[in-house]
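Following: one structure in structure tokens, then a few remarks.
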Amino acid sequence: MLIHYDPPTNPYLEIVYQDDQLLVLNKPSGLLTVPGKAAEHQDCLERRVQRVFPTARIVHRLDMATSGLVVMALSADSQRHLNRQFELRQTKKHYMARLEGLLPVSQGSVQLPLICDWPNRPKQMVCFQRGKPALTHFSLLSVDNNSSRVRLTPVTGRSHQLRVHMQWLGHPILGDKFYATAAGLAAASRLQLHAEYLALSHPLSQQWLEFTAPSPF
11 MLIHYDPPTN
21 PYLEIVYQDD
31 QLLVLNKPSG
41 LLTVPGKAAE
51 HQDCLERRVQ
61 RVFPTARIVH
71 RLDMATSGLV
81 VMALSADSQR
91 HLNRQFELRQ
101 TKKHYMARLE
111 GLLPVSQGSV
121 QLPLICDWPN
131 RPKQMVCFQR
141 GKPALTHFSL
151 LSVDNNSSRV
161 RLTPVTGRSH
171 QLRVHMQWLG
181 HPILGDKFYA
191 TAAGLAAASR
201 LQLHAEYLAL
211 SHPLSQQWLE
221 FTAPSPF
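Positions 11 to 227 (the working numbering) are the ones given, in order, by the sequence shown.
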């Protein structure tokens, strides 16, 4: 359940790229990708985009607390093409994150199956019996006094995948209200997770397109 939903409005909409087939946007932390059920949760990236581009259609989502790149299709054909790329894992993407503590290795992978923690939804949890396969690669970029800056590359796209996988490493993402420790939550004013890079094939021309949005933290 969302509490005190107060989505940012400056900028109201940040368009990274647009043509007649697709849009790429930089979603701020604190804004839903799609509307929630409650009346106060109707303001979202999808609705904001559709005020300017009425035919815009969702292809994939980011968590409300996660910032970064989101692609939207401008026609049903483009949406089908882009959806297929995501389903077949033909797109490329990575995220930037800051983790609690000092990561003891320079790179690695986490492969743990995930399922909704139903009594505590929207939280997810590791479940070896019923969970869906999930794989994340990570690379350490730098450390400071008590945090690690990492690049995260999800192979699968499960809900909260990066957040749960980093928690299982023993290094939750800073500012994560669901999975961080009390100290880790207090250490950042927002979730320190940002979709920095996205690459895909143009649905009409098949040209390979690459987009970046610098991390705000």
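Glycine included, C-beta positions come from ideal geometry on N, C-alpha and C. In this text, all values refer to a predicted model and were calculated from it rather than measured experimentally.
Same chain, Cβ closer than 7 Å to residue 24, five either side skipped, listed in chain order: On the sequence shown, position 14 is the one that residue 24 refers to. Hits under 7 Å: 35 and 36.
Would residue 83 and residue 201 be called neighbours here (beta carbons separated by less than 8 Å)? Position 73 of the sequence shown, counted from the start, is the residue given in the question as residue 83. Position 191 of the sequence shown, counted from the start, is the residue given in the question as residue 201. Going by C-beta atoms, residue 83 is not nearer than 8 Å to residue 201.
Could you work out which residue in 97, 101, 149 and 187 is closest to residue 107 when comparing CA atoms only? For the purposes of this step, residue 107 is taken as the residue at position 97 of the sequence shown. Out of 97, 101, 149 and 187, 149 has the C-alpha closest to the C-alpha of residue 107.
Rounded C-alpha distance that separates residue 33 from residue 170: As a first step, residue 33 must be located in the sequence shown, where it is residue number 23. As a first step, residue 170 must be located in the sequence shown, where it is residue number 160. Between residue 33 and residue 170, the C-alpha separation is close to 24 Å.
Whole-angstrom distance between residue 136 and residue 221, CA atom to CA atom: In the sequence shown, residue 221 corresponds to position 211, counting from 1. In the sequence shown, residue 136 corresponds to position 126, counting from 1. If you draw a straight line from the Cα of residue 221 to the Cα of residue 136, it comes to about 32 Å.
Given a cut-off of 8 Å, decide if residue 55 and residue 105 are closer than it, judged by their beta-carbon atoms. Counting from one through the sequence shown, the residue named residue 105 turns up at place 95. Counting from one through the sequence shown, the residue named residue 55 turns up at place 45. Cβ distance not < 8 Å, so residue 105 and residue 55 don't count as in contact.
Chain-order list of residues whose beta-carbon lies under 7 Å from that of residue 152 (same chain, five-residue window excluded): As a first step, residue 152 must be located in the sequence shown, where it is residue number 142. So the list reads 159, once near-sequence residues are dropped.
Run through the stretch 141 to 206 for me and flag every whole beta strand (DSSP E) of 3 or more residues, listed as ranges in chain order. 145 to 153 and 157 to 164, all fully within the stretch 141 to 206.
Would residue 78 pass as a contact of residue 206 if the rule is Cβ separation under 8 Å? Taking the first residue of the sequence shown as position 1, residue 78 is located at position 68. Taking the first residue of the sequence shown as position 1, residue 206 is located at position 196. Contact: yes.
Closer than 6 Å by C-beta to residue 194: which residues in its own chain qualify, once you throw out the five before and the five after it? Chain order, please. Here residue 194 refers to the residue found at position 184 when the sequence shown is read from its first residue. 110, 182 and 184, listed in sequence order.
Which residue or residues does DSSP assign as beta-bridge partners of residue 37? For the purposes of this step, residue 37 is identified with residue 27 of the sequence shown, where counting begins at 1. Within the DSSP secondary-structure output, residue 37 pairs in a beta bridge with 78.
Three-state secondary structure (DSSP) of residue 67: By 1-based counting over the sequence shown, the position of residue 67 is 57. Of the three classes helix, strand and coil, the one that applies to residue 67 here is strand, per DSSP.
C-beta contact flag for residue 134 and residue 81 at 8 Å: Counted from its first residue, the sequence shown places residue 134 at position 124. Counted from its first residue, the sequence shown places residue 81 at position 71. Taking 8 Å as the Cβ cut-off, residue 134 and residue 81 do not qualify as a contacting pair.
Report the three-state DSSP secondary structure of residue 11 (helix, strand or coil). In the sequence shown, counting from the first residue as 1, residue 11 sits at position 1. With a pLDDT of only 49 at residue 11, under 50, the local geometry of the prediction cannot be trusted, and the value read off the model is given with reservation. Looking at residue 11 - three-state DSSP - the assignment turns out to be coil, as it is neither helix nor strand.
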